[in-house]
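In the numbering used here, the protein residues as written are 347 to 433.
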């Protein structure tokens with residue numbers, strides 16, 4: 347079975363409980379990109395916060411993704427690690 351982007355993998359749709367975790371583990375970047383660009387349109391929602399600090403931006407994105415700031419500290423830690431890696 348192929349999805350709209352042409353991924354030929356029947357495991358991405360069934361069973362639902364398994365498919366969700368399977369997709370997250372097997373296609374993490376594709377999932378993140380899809381979520382970011384299609385479902386939540388986060389760029390538009392945070393564009394007004396261009397003057398926010400990095401920590402405030404991470405908090406705002408966390409709230410948009412999760413509907414709460416729960417997990418903010420973890421996301422901020424990962425952001426800081428990624429920032430060091432990509433310097």
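Quick reminder that beta carbons are idealized off the backbone N, C-alpha and C, glycines included. None of these values were measured; they are calculated from a predicted model.
- With fewer than 16 neighbouring CB atoms inside 10 Å of its own CB, residue 384 falls in the exposed class.
- At a cut-off of 4 residues, the continuous stretches assigned as alpha helix (DSSP H) that sit fully inside the segment 394-430 are 400-412.
- For the set 425, 387, 382, the Cα lying nearest the Cα of residue 403 is the one of 425.
- Residue environment: residue 359 is assigned as exposed (fewer than 16 neighbouring CB atoms within 10 Å of its CB, all protein chains considered).
- Under the criterion of beta carbons closer than 8 Å, residue 417 and residue 408 qualify as touching, at roughly 6 Å.
- Using a 10 angstroms sphere on the CB of residue 369, the tally of other CB atoms reaches 16 or more, which defines it as buried.
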